[in-house]
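Engineer: Have a look at this one.
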C-alpha cells in the first residue's frame with residue numbers, strides 16, 4: 298500500500314486557495330441577482346433593442362403591474378405605447394393604454410397634454426376626426442405658455458379642413474401667428490394658412506402669405522422649396538406666368554419631388 302503523508306496539507310492548501318474564489322463567485326451571483334432586482338426594466342429594454350417586440354411588450358406590462366411606484370413608469374408606459382400603437386398597429390389596445398396613462402398622470406399637465414395629443418393622433422389616423430379634435434382641445438387647455446403653438450394649430454387646421462370648416466382652420470392658424478414666437482413655427486402656420494385660402498380660390502391672399510413665408514430664413518431647404526412651389530401655383534393663377542417659371546426653376550434641385558416640379562414647368566410651357 299502506498300501512503301501519501303502530505304495529502305492532508307495539500308488539500309488544506311487547495312481549500313485555502315479555492316475558498317476565496319468560491320466566495321467571490323457566490324458574491325458575483327448574488328450581486329447579479331440583486332442588480333436584476335434593482336433594474337427590473339433591463340430585460341424589457343434588451344428585448345426591445347433586439348427587435349423582440351412581443352416579448353418586450355409582455356415584459357413592460359409585467360414591470361408596470363409589479364412596480365406601482367417606480368419612477369420610470371412614464372418611460373415604460375411610453376415604450377409600451379410605441380410597441381402597441383406604432384409597431385403593432387393595435388389602435389384599440391393603444392387607446393386603452395392612453396386611458397390608463399391619463400388616469401396615472403392626469404395631475405401632471407405636461408404629461409397629460411402629451412397623452413391627449415397622442416390620443417387625438419390615434420383618432421385622426423382612424424378617421425375619427427371629431428374625437429381627435431375633442432382630445433386636442435383638452436390638450437390645448439393644458440398648454441403652457443412656452444409650449445410650441447404649432448403642435449396643436451397645425452393639427453386643428455388639418456382636421457377642420459377635412460371637415461370643410463375652413464373658417465375654424467383659419468382661426469386656429471391666425472391664433473398661432475398671434476402667439477408664436479419661434480420664426481419657423483410662424484412660417485409653417487403662414488404656409489398652412491395660405492393653403493386654406495388656395496382651397497377657397499383666394500389666390501391673392503395665399504400669395505401674400507407665401508411671399509412672407511419664403512422671405513424668412515427659418516425654413517429648412519426642403520420646406521422652403523415646398524412653399525416656393527405653392528407660391529408658383531398662386532402667382533400662376535394670378536396671371537404671373539414668367540414669375541411662376543422662375544420660382545419653379547429655382548427649386549428643381551431642392552424640392553422633394555422634382556418630377557412634379559418639372560411636370561408643372563412643362564405644363565406652363
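Residue numbers (this note's numbering): 298 to 566. Where a beta carbon is used, it is the ideal one built from N, C-alpha and C, also for glycine. A quick note: this is a predicted structure, and the numbers were derived from the prediction, not measured.
Taking all protein chains shown into account, decide if residue 565 is buried (16 or more other Cβ within 10 angstroms of its Cβ) or exposed.
Structural biologist: Walking along the chain shown from the start, residue 565 turns up at place 268. Exposed is the call here.
Engineer: If the criterion is Cβ atoms closer than 9 Å, does the pair residue 559 and residue 549 meet it?
Structural biologist: Along the chain shown, read from residue 1 onward, the residue named residue 559 stands at position 262. Along the chain shown, read from residue 1 onward, the residue named residue 549 stands at position 252. Yes; because the gap between Cβ atoms is below 9 Å, this pair is in contact.
Engineer: In terms of residues, what are the limits of the alpha helix (DSSP H) holding residue 427?
Structural biologist: Translated into positions along the chain shown, residue 427 becomes position 130. Segment 426-438, the alpha helix (DSSP H) holding residue 427.
Engineer: Since I believe residue 493 is in contact with residue 535 (beta carbons under 8 Å), could you give me their beta-carbon distance rounded to a whole number of angstroms?
Structural biologist: On the chain shown, position 238 is the one that residue 535 refers to. On the chain shown, position 196 is the one that residue 493 refers to. 17 Å between Cβ atoms; not a contact.
Engineer: Any idea if residue 314 is buried or exposed, counting beta-carbon neighbours within 10 angstroms, 16 or more meaning buried?
Structural biologist: Working through the chain shown from its first residue, we reach residue 314 at position 17. The predicted position of residue 314 is uncertain, since its pLDDT is 48 and thus under 50; no value can be drawn from it.
Engineer: Thinking just about the alpha-carbon of each residue, which of 337, 407, 389, 532 is nearest to the one in residue 442?
Structural biologist: Along the chain shown, one-based indexing puts residue 442 at 145. Cα-wise, what sits closest to residue 442 is 407.
Engineer: Check whether the Cβ atoms of residue 456 and residue 426 lie closer than 9 Å to each other.
Structural biologist: Counted from its first residue, the chain shown places residue 456 at position 159. Counted from its first residue, the chain shown places residue 426 at position 129. Yes.
Engineer: With residue 383 as the anchor, note down where its alpha helix (DSSP H) starts and where it stops.
Structural biologist: Stepping through the chain shown from its first residue, residue 383 is reached at position 86. Here residue 383 belongs to no alpha helix (DSSP H), and DSSP marks it neither H nor E.
Engineer: Tell me whether residue 420 counts as near the ligand FAD, meaning its Cβ is closer than 8 Å to at least one heavy atom of that ligand.
Structural biologist: Of ligands this structure carries none, so the ligand FAD is not represented either.
Engineer: Residues in the same chain with beta-carbon distance under 6 Å from residue 402, minus the five sequence neighbours each way, listed in chain order, please.
Structural biologist: For the purposes of this step, residue 402 is identified with residue 105 of the chain shown, where counting begins at 1. Result list for residue 402: 408, 409, in chain order.
Engineer: Buried or exposed, going by whether 16 or more other CB atoms sit within 10 Å of the CB of residue 539?
Structural biologist: Counted from its first residue, the chain shown places residue 539 at position 242. Around the beta carbon of residue 539, fewer than 16 other beta carbons lie within 10 angstroms, which makes this residue exposed.
Engineer: With DSSP as the reference, label residue 565 as helix, strand or coil.
Structural biologist: Counted from its first residue, the chain shown places residue 565 at position 268. It is helical.
Engineer: Output needed for residue 511: all residues of its chain with C-beta closer than 7 Å, excluding positions within five of it in sequence on either side, in chain order.
Structural biologist: For the purposes of this step, residue 511 is taken as the residue at position 214 of the chain shown. Cβ neighbours of residue 511 beyond the five flanking positions: 521, 524, 525, 528.
Engineer: From the DSSP output, in three-state form, read off residue 481 for me.
Structural biologist: For the purposes of this step, residue 481 is taken as residue 184 along the chain shown, with counting starting at 1. In the structure shown, residue 481 sits in a helix (DSSP, three-state: H, G or I).
Engineer: Roughly how many whole angstroms lie between the Cα atoms of residue 381 and residue 345?
Structural biologist: Against the chain shown, residue 381 aligns to sequence position 84. Against the chain shown, residue 345 aligns to sequence position 48. If I take the Cα positions, the gap works out to 12 Å.
Engineer: Give me, in chain order, the residues of the same chain whose beta-carbon lies closer than 7 Å to that of residue 542; leave out the 5 immediate sequence neighbours on both sides.
Structural biologist: Against the chain shown, residue 542 aligns to sequence position 245. Taken in chain order, the residues that qualify are 562, 565.
Engineer: Please work out which residues of its chain come closer than 8 Å, Cβ to Cβ, to residue 337, disregarding the five sequence neighbours upstream and downstream, and give them in chain order.
Structural biologist: Within the chain shown, residue 337 is the residue found at index 40, counting from 1. 360, 363, 364, 367.
Engineer: Determine the closest residue to residue 399 out of 383, 348, 417, with distance taken between C-alpha atoms.
Structural biologist: Counted from its first residue, the chain shown places residue 399 at position 102. Among 383, 348, 417, the Cα nearest to that of residue 399 belongs to 417.
Engineer: If you draw a straight line from the alpha carbon of residue 369 to that of residue 490, how long is it in whole angstroms?
Structural biologist: Indexing the chain shown from 1 puts residue 369 at position 72. Indexing the chain shown from 1 puts residue 490 at position 193. Taking the straight line from one Cα to the other gives about 40 Å.
Engineer: I'd like the span of the alpha helix (DSSP H) that includes residue 471, first residue to last.
Structural biologist: In the chain shown, counting from the first residue as 1, residue 471 sits at position 174. Here the alpha helix (DSSP H) through residue 471 covers 463-476.
Engineer: Which one of 378, 434, 423 has the shortest CA to CA distance from residue 414?
Structural biologist: Residue mapping note: residue 414 aligns to position 117 of the chain shown, counting from 1. Looking at the Cα atoms, 434 is the closest of the given residues.
Engineer: What residue range is occupied by the uninterrupted alpha helix (DSSP H) comprising residue 387?
Structural biologist: One-based indexing of the chain shown puts residue 387 at position 90. Counting along the chain, residue 387 falls outside any alpha helix (DSSP H), and DSSP gives it neither H nor E.
Engineer: To the nearest angstrom, how far is the alpha carbon of residue 460 from that of residue 553?
Structural biologist: Counted from its first residue, the chain shown places residue 460 at position 163. Counted from its first residue, the chain shown places residue 553 at position 256. Each residue's Cα considered, the two are about 28 Å apart.
Engineer: Measure the Cβ-Cβ separation of residue 485 and residue 509 and say whether it is below 9 Å.
Structural biologist: In the chain shown, residue 485 corresponds to position 188, counting from 1. In the chain shown, residue 509 corresponds to position 212, counting from 1. No, the Cβ-Cβ distance between residue 485 and residue 509 is not below 9 Å.
Engineer: Given this structure, state the Cα-to-Cα distance separating residue 471 from residue 453, to the nearest angstrom.
Structural biologist: Residue numbering aside, residue 471 sits at position 174 when the chain shown is read from its first letter. Residue numbering aside, residue 453 sits at position 156 when the chain shown is read from its first letter. Distance between the alpha carbons of residue 471 and residue 453 is about 12 Å.
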